[in-house]
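K.L.:
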């Protein structure tokens, strides 16, 4: 992917973030603004000047990936076949917190986990740390150089990571040196890492899904404009060494595989080697969702019932579907609470419209969806919405310093307060979890501090975990 293509891709993500944060409630004006703001169709990504991309505020949040099936953001990178041997981990006491910016964190058990950190003094210096004793000691497994990414709460380098088990994991820096993505894979718990490549220009949402160390899918070449997008879905059966295109739809077309060009496609999730879902954001109506039961070769679009009492008109953003252990799937959708158009100009609040999360449920593979349940948190620019779904009963949702948790599928909720703005949250069991909070700073500058927290009582209480200072 050329530099122009990469910059164009990042600009489109910027525009999309601004559209969702500040939607226009008047239909005609809003549609024109959104349409003009999106990239025009063309081969791969449109070219754009570096200065324009770097000047835009990029809304990227710290990614936390839990156990089980996950989907993460990826961008393409030229293939490298060398295997990097890291030194044998040696336990070292963790030092005082506050000296590292946390980019990503994932745990596969209450004791074993990984954290990616960067230095506030040099956000390009990335380091992957691992612990086998719940953060009492850390050892370094991997270092590389990347670029930082801006958010409204200050710059926090955005790195994405998933482990499908204790041995097999992937680390992606979508903003590495020269604006190119860097992807690493391990099959031995991080003792060695191999740098890999992906086959196309990756979608901006959650375009990669693995259900085990070998079987994965990739959503790529999503050229979006005027409420439509082309897309290609690739599959690998060897852990990302080789990819094969299994489904494609052209811009402005409907394919025989059941995909259409409607919507801006951005999240691809699989629960097994056969069952998966694809979602898309639209600029005029409700989000779109497709399901497959043959491993992604053919797809069927599934309608979503409208939430009661809420205006819907391009202000809904689907998050990645969440497969439920034992069967079924949950689909979170974030809705900006804009007023219904009344034919008159309306003033957008200085902090943007508030947002809410709605959770759809399907007992099967998404053939039919129940009316959505509204979750209790209210999001804003200063406190984005953060969600973790462990199973059908245990959910956590937060915004700002407030966290809500339920153990009965949303019938009742408990609340707790965090010592900072919540950036991400994850639970490996109903009781054991972790969170990352951030002390915000002005947009375009580094976040003043990030903190890793752990909980052993379902989120009622939290304790800070110290990390070594980033090199």
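In my numbering, the protein residues as written are 3 to 473. Positions of the beta carbon are idealized from the N, C-alpha and C atoms, including for glycine. Computed from a predicted model, the values in this text were never measured in an experiment.
1. Could you give the DSSP three-state label for residue 360: helix, strand or coil?
2. Using the Cα positions of residue 175 and residue 188, report the straight-line distance between them to the nearest angstrom.
3. What residue does the beta strand (DSSP E) around residue 210 start on, and which one ends it?
4. Could you say which of 122, 113 and 115 lies nearest to residue 441 if we only look at CA atoms?
5. Spatial neighbours of residue 323 within its chain, please: CB distance less than 6 Å, with the 5 preceding and 5 following residues excluded, ordered by chain position.
6. Does the Cβ-Cβ distance between residue 439 and residue 423 come in under 7 Å?
7. Just curious, the beta strand (DSSP E) that residue 337 is in, first and last residue?
8. Give me, in chain order, the residues of the same chain whose beta-carbon lies closer than 7 Å to that of residue 205; leave out the 5 immediate sequence neighbours on both sides.
9. For residue 238, which residues does DSSP report across the bridge?
10. Between which two residues does the beta strand (DSSP E) carrying residue 163 extend?
11. Excluding the 5 residues preceding and the 5 following residue 262 in the sequence, name in chain order all residues of the same chain whose CB lies nearer than 6 Å to its CB.
12. Considering just the uninterrupted stretch of the beta strand (DSSP E) at residue 391, what are its terminal residues?
13. Whole angstroms is fine: what's the gap from residue 109's alpha carbon to residue 127's?
14. For the beta strand (DSSP E) containing residue 437, list its first residue and its last residue.
15. Is it right to say residue 344 is buried, meaning 16 or more other beta carbons lie within 10 angstroms of its own, or is it exposed?
16. CB-CB under 6 Å to residue 137, same chain, minus the five flanking residues each way: which ones, in chain order?
17. Looking at C-alpha atoms only, which residue of 367, 329, 397 and 312 is the closest neighbour of residue 295?
18. Who does residue 466 pair with in a DSSP beta bridge?
19. Return the first residue and the last residue of the beta strand (DSSP E) that residue 378 is part of.
20. Looking at the unbroken beta strand (DSSP E) that takes in residue 268, where does it start and where does it end?
21. Can you give me the C-alpha to C-alpha distance between residue 277 and residue 352, rounded to a whole angstrom?
22. Whose C-alpha, out of 416, 377, 274 and 226, is nearest the C-alpha of residue 213?
23. Relative to the C-alpha of residue 2, which candidate in 419, 365 and 402 has its C-alpha closest?
24. Using CA atoms only, rank isn't needed, just tell me which of 459, 111, 135 and 421 is closest to residue 166.
25. Would you check if the distance between the CB atom of residue 302 and the CB atom of residue 260 is smaller than 7 Å?
26. Is the beta carbon of residue 405 less than 7 Å from the beta carbon of residue 418?
27. Just reading off the beta strand (DSSP E) that residue 278 is part of, what are its end residues?
28. Indicate the three-state DSSP secondary structure (helix, strand or coil) for residue 2 in the structure shown.
29. Which first and last residues belong to the beta strand (DSSP E) in which residue 400 is found?
30. Would you tell me roughly how many angstroms separate the C-alpha atoms of residue 363 and residue 397, rounded to the nearest one?
31. Name the DSSP bridge partner or partners of residue 257?
32. Do residue 318 and residue 291 have their C-beta atoms closer together than 7 Å?
33. Which residues share a DSSP beta bridge with residue 250?
34. Need the endpoints of the beta strand (DSSP E) that residue 195 sits in, please.
35. I'd like to know if residue 420 contacts chain C, where contact means its C-beta is closer than 7 Å to some C-beta of that chain.
36. Is it the case that the CB of residue 355 approaches a heavy atom of the ligand PLP more closely than 6 Å?
P.N.:
Reading it off the structure:
1. If you number the chain shown from 1, residue 360 lands on position 358. Correct three-state label for residue 360: strand.
2. Position 173 of the chain shown, counting from 1, holds the residue named residue 175. Position 186 of the chain shown, counting from 1, holds the residue named residue 188. Rounded to the nearest whole angstrom, the CA to CA distance from residue 175 to residue 188 is 15 Å.
3. By 1-based counting over the chain shown, the position of residue 210 is 208. In the DSSP annotation of this structure, the continuous segment of the beta strand (DSSP E) that includes residue 210 starts and ends at 210-212.
4. Taking the chain shown and counting its residues from 1, one reaches residue 441 at position 439. The alpha carbon of residue 441 has as its nearest neighbour, out of 122, 113 and 115, the alpha carbon of 122.
5. Within the chain shown, numbered from 1, the residue matching residue 323 stands at position 321. Here residue 323 has 271, 279, 331 and 333 as same chain residues with Cβ atoms under 6 Å from its own Cβ, once five neighbours each way along the sequence are excluded.
6. Here the question's residue 439 lines up with position 437 in the chain shown. Here the question's residue 423 lines up with position 421 in the chain shown. A contact, by the Cβ cut-off of 7 Å.
7. What you label residue 337 is simply residue 335 of the chain shown in a count that begins at 1. Under the DSSP assignment, residue 337 falls in the beta strand (DSSP E) whose first and last residues are 331-338.
8. Numbered from its first residue, the chain shown carries residue 205 at position 203. The residues are 221, 222, 224, 267 and 268.
9. Here residue 238 refers to the residue found at position 236 when the chain shown is read from its first residue. 218, per the DSSP bridge assignment.
10. Start at 1 with the first residue of the chain shown, and residue 163 comes out as number 161. Residues 162-165.
11. One-based indexing of the chain shown puts residue 262 at position 260. If we look at residue 262 and ignore the five residues flanking it on each side, its Cβ neighbours are 256.
12. Along the chain shown, read from residue 1 onward, the residue named residue 391 stands at position 389. First-last of the beta strand (DSSP E) with residue 391: 388-391.
13. As a first step, residue 109 is located in the chain shown; it is residue number 107 there, counting from the start. As a first step, residue 127 is located in the chain shown; it is residue number 125 there, counting from the start. C-alpha separation (whole angstroms): 22 Å.
14. Looking up residue 437 in the chain shown gives position 435. 435-441 is the extent of the beta strand (DSSP E) around residue 437.
15. Your numbering for residue 344 matches position 342 in the chain shown. Exposed.
16. Within the chain shown, residue 137 is the residue found at index 135, counting from 1. Its chain contains 467 as the residues whose beta carbon lies nearer than 6 Å to that of residue 137, once the 5 sequence neighbours on both sides are disregarded; these appear in chain order.
17. Here residue 295 refers to the residue found at position 293 of the chain shown. Closest by alpha carbon: 367.
18. What you label residue 466 is simply residue 464 of the chain shown in a count that begins at 1. Looking at the DSSP assignment, residue 466 forms a beta bridge with 455.
19. If you number the chain shown from 1, residue 378 lands on position 376. First-last of the beta strand (DSSP E) with residue 378: 375-381.
20. Counting from one through the chain shown, the residue named residue 268 turns up at place 266. Counting along the chain, the beta strand (DSSP E) containing residue 268 begins and ends at 266-272.
21. On the chain shown, position 275 is the one that residue 277 refers to. On the chain shown, position 350 is the one that residue 352 refers to. Computed Cα separation, rounded: 43 Å.
22. On the chain shown, residue 213 is found 211 positions in, with the first residue counted as 1. The candidate whose alpha carbon is nearest that of residue 213 is 274.
23. Within the shown structure, residues of the chain are numbered from 3 to 473, placing residue 2 beyond reach of any answer.
24. In the chain shown, the residue the question calls residue 166 occupies position 164. Its Cα nearest to that of residue 166, the residue 111 stands out among 459, 111, 135 and 421.
25. Position 300 of the chain shown, counted from the first residue, corresponds to residue 302. Position 258 of the chain shown, counted from the first residue, corresponds to residue 260. Yes. Within cutoff.
26. Numbered from 1 along the chain shown, position 403 holds the residue referred to as residue 405. Numbered from 1 along the chain shown, position 416 holds the residue referred to as residue 418. A contact, by the Cβ cut-off of 7 Å.
27. The residue given as residue 278 occupies position 276 in the chain shown. Here the beta strand (DSSP E) through residue 278 covers 278-283.
28. This structure leaves residue 2 out entirely; the chain is present only between 3 and 473.
29. In the chain shown, counting from the first residue as 1, residue 400 sits at position 398. Element bounds for residue 400: 397-401.
30. Position 361 of the chain shown, counted from the start, is the residue given in the question as residue 363. Position 395 of the chain shown, counted from the start, is the residue given in the question as residue 397. Going by the C-alpha atoms only, they are around 13 Å apart.
31. Position 255 of the chain shown holds residue 257. Beta-bridge pairing by DSSP links residue 257 to no other residue.
32. Taking the chain shown and counting its residues from 1, one reaches residue 318 at position 316. Taking the chain shown and counting its residues from 1, one reaches residue 291 at position 289. Contact flag unset, no.
33. Along the chain shown, read from residue 1 onward, the residue named residue 250 stands at position 248. Checking the DSSP bridge columns, you'll see residue 250 partnered with 234.
34. Numbered from 1 along the chain shown, position 193 holds the residue referred to as residue 195. Under the DSSP assignment, residue 195 falls in the beta strand (DSSP E) whose first and last residues are 194-198.
35. Any reference to chain C falls outside this structure, which holds one protein chain only.
36. Questions concerning the ligand PLP fall outside what the structure shown contains, since it holds no ligand whatsoever.
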